Each structure stands twice: as structure tokens, then as C-alpha cells.
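Quick note on this note's numbering: the sequence shown kicks off at 1333 and runs consecutively.
Reading through the C-alpha cells given below for one structure.
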Amino acid sequence: MTVTQQRLPTGTWQSDPVHSSVTFRVKHLGVSTFRAGFAEIDASYDGDSGTLTGSVPVASLDISQEDLRGHLLSAEFFDADRHPEVRFTATEVHRGDGDALVVPGELTISGVTKPVQARGRIGEPGDGMGGDRRIEIELSATIDRRDFGMDWQAELPGGKVAVANDVTLEVVLELTQPAE
């Protein structure tokens, strides 16, 4: 683990699935931003070893329109039948000035693993309602979906496309540490 400026919290922290989220946003038709997310998340942070890992089951994609959900789960996008999980593993966790974080790591989508650098912030630890300790980590990264085999596209009049290639991933983790 590489730490700059201030020290990161120590010990093992586990995501609270009710208060954590993984979402993505992408330009649609060149005029609006489409947002979606996953209903399930499992993440952990070990402050002693500097590891941060997280995964979401692709089947937990939370979109109410079934045709669109089916298309996104198909081989043209997430390929959920062959690759049922999206996974991120941090290779380092850097704390910069104040609450800033830089987290380089490896992101696996549709069976393809690529390096990604996430940026975000970490909150100060606080007490939970049950005597546990809690922290928040927020991360964001922009990827090119084609790097992960998501090549589907529909050309539109005027040179626009149905779905932009750049996709922004946003992760909000509320992590808990049991009371000692």
C-alpha cells in the first residue's frame, strides 16, 4: 500500500449492501445521459494490507424495462451467461491531500480484465448505530466500453450513435468494521 499525506484507516472493513451502490452512466443518442446500477454489491477493504476489492453479480442489473435489461445482459454487452460477475481489485490505494483517493486497479467486465484508475474520496471513520465503525469510500472511473468487448452500436442520422463509448462508473461504499 502506498500512502501519501494522511494515513488510511486500518483493519478489515466490509461493505454494507444496503448503503453501498455501483452505478454507471453513458450518453444515449447524443442527447441524454442513461443511468443504471446493480442491486447487489460485495466489497471489502483491508487497511493493513492496502487491498480493496469489489464485485457485483451482473444478474443484479437494476433496469425496469425488460427488453433493455435483456439486451444489456446479452453477449453484446455484459455477456452475463458466460461472465456472471463484474470485479475490481485495487493494486494500490493512495491517499492524497485531505480526503482524496487515487486507486489504480484491475477491472474485469465480460471476462476481459483491464487496468483502470479510479479517483474519489474517503470519509472519516464514525460510529454506527450498532456499535460498529463505518467509513465511506466514493470512487469514479471512466472506461471505454469497447475495451471490454461491448462493441454493439447503432449509427444514427447526422453521425450520432445510440450509445457513447465512454462509460462512467461510480461506486459508493459504506464499509463497516465490527465493534471490538
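Don't be surprised by glycine CBs; every beta carbon is placed ideally from N, CA and C.
Predicted model only: the values in this text are computed from it and were never measured.
Given a cut-off of 9 Å, decide if residue 1369 and residue 1394 are closer than it, judged by their beta-carbon atoms.
-> On the sequence shown, residue 1394 is found 62 positions in, with the first residue counted as 1. On the sequence shown, residue 1369 is found 37 positions in, with the first residue counted as 1. Here residue 1394 is near residue 1369, since their CB atoms are less than 9 Å apart.
What did DSSP end up calling residue 1379 once you bin it into helix, strand or coil?
-> Numbered from its first residue, the sequence shown carries residue 1379 at position 47. Coil at residue 1379, not helix or strand.
Cβ contact check for the region 1404 to 1420 and the region 1454 to 1466: 3 or more pairs under 8 Å = With a cut-off of 8 Å, the region 1454 to 1466 and the region 1404 to 1420 do not count as touching, because too few Cβ pairs lie within range.
Simplified DSSP assignment, three categories, for residue 1429 = Residue numbering aside, residue 1429 sits at position 97 when the sequence shown is read from its first letter. Coil.
Report yes if the C-beta distance between residue 1444 and residue 1479 is below 9 Å; otherwise report no.
-> If you number the sequence shown from 1, residue 1444 lands on position 112. If you number the sequence shown from 1, residue 1479 lands on position 147. With a cutoff of 9 Å on beta-carbon distance, residue 1444 and residue 1479 are scored as near each other.
In this structure, what does DSSP give as the bridge partners for residue 1449?
-> Position 117 of the sequence shown, counted from the first residue, corresponds to residue 1449. Answer is 1436, bridged to residue 1449.
First and last residue of the uninterrupted alpha helix (DSSP H) at residue 1401 = In the sequence shown, counting from the first residue as 1, residue 1401 sits at position 69. 1398 to 1405 is the extent of the alpha helix (DSSP H) around residue 1401.
In the DSSP assignment, find the unbroken beta strand (DSSP E) run with residue 1498 in it and report its ends.
-> Counted from its first residue, the sequence shown places residue 1498 at position 166. Residues 1495 to 1509.
At what residues does the beta strand (DSSP E) containing residue 1373 begin and finish?
-> For this step, residue 1373 is matched to residue 41 along the sequence shown. Neither: residue 1373 is in no beta strand (DSSP E) and is coded neither H nor E.
Identified DSSP bridge partners for residue 1466 = What you label residue 1466 is simply residue 134 of the sequence shown in a count that begins at 1. Looking at the DSSP assignment, residue 1466 forms a beta bridge with 1458 and 1508.
The beta strand (DSSP E) spanning residue 1360 covers which residue range?
-> As a first step, residue 1360 is located in the sequence shown; it is residue number 28 there, counting from the start. Element bounds for residue 1360: 1353 to 1360.
Limits of the beta strand (DSSP E) - the one that residue 1391 falls within = Indexing the sequence shown from 1 puts residue 1391 at position 59. Unbroken run through residue 1391: none, as it is neither H nor E.
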